[in-house]
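Below is one structure, written out as structure tokens; the observations come after it.
2 protein chains.
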Amino acid sequence: MADNVRRSMPLFSMGIVQKLTGLTARQIRYYEENDLINPERSEGNRRVFSFNDVDRLLDIKSLLDEGVNLAGIRRVLSEKPVEANRPAEAKKAMSDAELMKFLKSELVQAGKFGKASLIQGELSRFFR
Amino acid sequence: MADNVRRSMPLFSMGIVQKLTGLTARQIRYYEENDLINPERSEGNRRVFSFNDVDRLLDIKSLLDEGVNLAGIRRVLSEKPVEANRPAEAKKAMSDAELMKFLKSELVQAGKFGKASLIQGELSRFFR
DNA sequence: ATAAGCTGTGAGATAAGCTAACATCGTTTG
DNA sequence: CAAACGATGTTAGCTTATCTCACAGCTTAT
């Protein structure tokens, strides 16, 4: 569950996510419009994506390549509902200090338990 | 060395880094001015920070808290020169597709070897 | 007391992101 | 077949985030 929080921490801007996923902004926004993802927003209404979000986007892309349409993808991804992307801890806006403190402790946890990479779950399912 | 590349991949915007480090934009820019960090730039000249960069910024912050001045910090951090932040692979601009492909393979590597988190090295050195 | 070091703040410019609307083009469906 | 739908591109107009540069202010070192 600490893992959930880590994976759903808002970190990436639209531009970066485009590079990481190879999708266009238009596509990403459209998928959000269709409830396939639900990225956080900055104070100024910019989307801020988590590892989970990037993960799902790669899932979506892969499924689209296989010819599955968005409705189908919604079904496939319904196992992992978008709500799972926003655990309570992530929702209640942390202060900057809290966020930082949290990140630190999370990192220590990761170190202690030899936890796997932040970006490992769904992301790695699809390649080689 | 694949690890180097991963850790020096430009990922974070100024706003995010401010939150992750608790530093102001002014401070971050000043540290860059003094060659303590050397973040990548976007096409439009915006700074794009890597895990390594965030790492160093947390180092810097920690040392400043201890009363070390920038000159001193420069010395302390000179073990890990800023050039180490930009390995050749990261320097030669990857195409978006290449970047994505690279990320994917990196993730798989991480998975295979049970590699530790992307954000683990220097970052975790300082807390608890 | 001056100088140097570090950070704040403000101005002016521009990049990057947002929404909304309309265009396009292939695939369903009546 | 024509109309509707699904997915994406493109454009316009607007707002936020970031950039550089300059100057101000406070602290510490000379």
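Chains X and G supply the protein sequences, listed in that same order. Oh and the first sequence: position 128 is 128 in the working numbering, straight run, nothing missing. All you need for the working numbering is the position in the second sequence, starting with 1, plus 1000. Here a beta-carbon is modelled for each residue, glycine too, at the ideal position from N, C-alpha and C. Predicted model only: the values in this text are computed from it and were never measured.
For residue i, which residues from the same chain have a beta carbon less than 6 Å from its beta carbon, with the 5 sequence-adjacent residues on both sides left out?
i, result
"residue 34(X)", "70"
"residue 1056(G)", "1037"
"residue 12(X)", "49"
When DSSP builds the beta bridges, which residues end up paired with residue i?
i, result
"residue 1048(G)", "1040(G)"
Can you grab the Cα-Cα spacing for the pair residue i / residue j, in whole Å?
i, j, result
"residue 1060(G)", "residue 1073(G)", "7 Å"
"residue 1003(G)", "residue 1009(G)", "10 Å"
"residue 1015(G)", "residue 1022(G)", "10 Å"
"residue 1052(G)", "residue 43(X)", "26 Å"
"residue 63(X)", "residue 54(X)", "14 Å"
"residue 1079(G)", "residue 1066(G)", "19 Å"
"residue 29(X)", "residue 18(X)", "11 Å"
"residue 32(X)", "residue 1031(G)", "38 Å"
"residue 27(X)", "residue 1045(G)", "25 Å"
Got a sec, what are the start and stop residues for the alpha helix (DSSP H) residue i sits in?
i, result
"residue 1076(G)", "1070-1076"
"residue 4(X)", "2-7"
"residue 1019(G)", "1014-1021"
"residue 33(X)", "25-33"
In its own chain, which residues sit with a C-beta less than 8 Å from the C-beta of residue i, not counting the 5 before and 5 after it?
i, result
"residue 68(X)", "76"
"residue 1025(G)", "1014, 1018"
Less than 7 Å between C-beta atoms, sequence neighbours within five positions excluded: which residues of the same chain meet that for residue i?
i, result
"residue 47(X)", "14, 39, 41"
"residue 93(X)", "Residue placement at residue 93(X) is poorly supported in this model, since its pLDDT is 44, which falls under 50; the coordinates still yield a value, given next. Taken in chain order, the list of residues that qualify is empty."
Any heavy atom of the ligand FMN closer than 7 Å to the beta-carbon of residue i?
i, result
"residue 1017(G)", "Because no ligand of any kind appears in the structure shown, any question about the ligand FMN cannot be addressed here."
Under 9 Å (Cβ pairs) to chain X, residues found in the stretch 1007-1025 of chain G: In summary, the residues of the stretch 1007-1025 of chain G whose CB is separated from some CB of chain X by less than 9 Å are 1010, 1011, 1012, 1013, 1015, 1016, 1018, 1019, 1020, 1021, 1022, in the order they occur in the chain.
Contact residues within the stretch 1035-1048 of chain G, judged by C-beta distance below 8 Å to chain X: Taking 8 Å as the cut-off between beta carbons, the residues of the stretch 1035-1048 of chain G near chain X are 1042, 1048, in sequence order.
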